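With this note's numbering as the guide, the letters of the sequence shown map in order to residues 933 to 1236. Here's the structure, in structure tokens; my notes come after.
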Amino acid sequence: MNEHPEAPLARLEQVAMEELEGLEPKTVAELDAEADALTPGEIAAAFKASFPTSYLSLPREIPMTVEGFTPVPASSGARIKGVRVDPMPGSGHSDVIDFSTEGISLMQPNRTVIGMRWPELAVALWWSDGRRTLIGPDGSGINIIPAKWRSVESLLAAIRQWVPADRWIPMDEPGTLPRQEGPICAICESTPAIEVTFQDTRSLLMIWFKRVHGVLCRDCGIAKFREVQRRVLVRGWWSIPGLLATPIALLYNTVVYFRFKRLAVPIHSSGITPLPKGRTVWLDPGMLIPAGLALALIWIFWPR
Ligand SMILES: [Zn+2]
């Protein structure tokens, strides 16, 4: 028998199986000899013996007539109740994605559902072009191509927030990664990022005009804003010039904050987790200080 030119490649799988299962290595000639020696009866008996533990897959148009098989359920997991993401008009599909802080599900038009809870996710594959594939504990997967969904930013943001950090697998070939334009975030290396300066004014009898400068993405920028703003709220006021400089610093930082708010959701091509976002600074206890100062000023200058 002549060997097919690609036969050595096909042997790889056989060799891998021998290695993994501790089987005795066999040459192609030995395997051919074994196959030639088999009788139709032996082959039929082997098939019959394997039936109780077999999966059988048939093309859709072939009617299922073999007995002893039960259909595999097409759905996996439950539909998530939360934010609904609809298909982009003209994207050629009519699936619906739902997500919440619990998990994510995809429902096809035939009502087949693939649902998974965030902590159970086996892996999350990411590409720098924004594509994501989430694979659940039973191997079922949800593919997300951003251009095929409406208002996809909130979905991508939820995926970034809720997929446990150890599940991410970067899928871009090293070197073929499209060189991202513009500056990258100094903390998580994602794009887009902008260069900013926050005013970190502090005073105690005298005043220090400190600054925090850096190139940051939207997520790290908002996190940094909250950190600095909180510090200024508490430490800025305690001198005569501080009473004037602190509101200016707070206002200046707020303008920077809105620059970040307008920035696109970052693409995390590095796998480095951005700074934790933290809570809004406007409800921080530190806000009591300017509120108290304002009340004191009103009390002092109120016409009596
Ligand atoms: Zn960042």
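Where a beta carbon is used, it is the ideal one built from N, C-alpha and C, also for glycine. Keep in mind the model is a prediction, meaning the values are calculated, not measured.
By the criterion of a C-beta distance shorter than 7 Å, residue 1070 is surrounded in its chain by 1008, once the five residues flanking it on both sides are discounted. Residue 1100 is classed as buried because its beta carbon has at least 16 other beta carbons within 10 Å across all chains shown.
Under DSSP, residue 1146 shares a beta bridge with 1128.
Distance from the CA atom of residue 1042 to the CA atom of residue 1027, rounded to whole angstroms, is 9 Å. Per DSSP, the continuous alpha helix (DSSP H) segment holding residue 1186 begins and ends at 1172 to 1194.
With contact defined as three or more Cβ pairs closer than 8 Å, the stretch 1081 to 1099 and the stretch 1117 to 1128 are not in contact. Here residue 1216 is near residue 1165, since their CB atoms are less than 8 Å apart. If you measure from each CB to the nearest heavy atom of ligand 1, the residues under 7 Å come out as 1117, 1119, 1120, 1122, 1125, 1148, 1149, 1151, 1152, 1198, 1206 and 1207. Residue burial is scored here from C-beta neighbours: residue 1226 has fewer than 16 other C-beta atoms within 10 angstroms and is therefore classed as exposed.
Pairing residue 986 with residue 1017, the inter-Cα distance amounts to about 37 Å.
Beta-bridge partners assigned by DSSP to residue 1075: 1065. Residue pairing from DSSP leaves residue 998 without any beta-bridge partner.
Take the alpha-carbon of residue 1020 and the one of residue 1085: they are about 13 Å apart.
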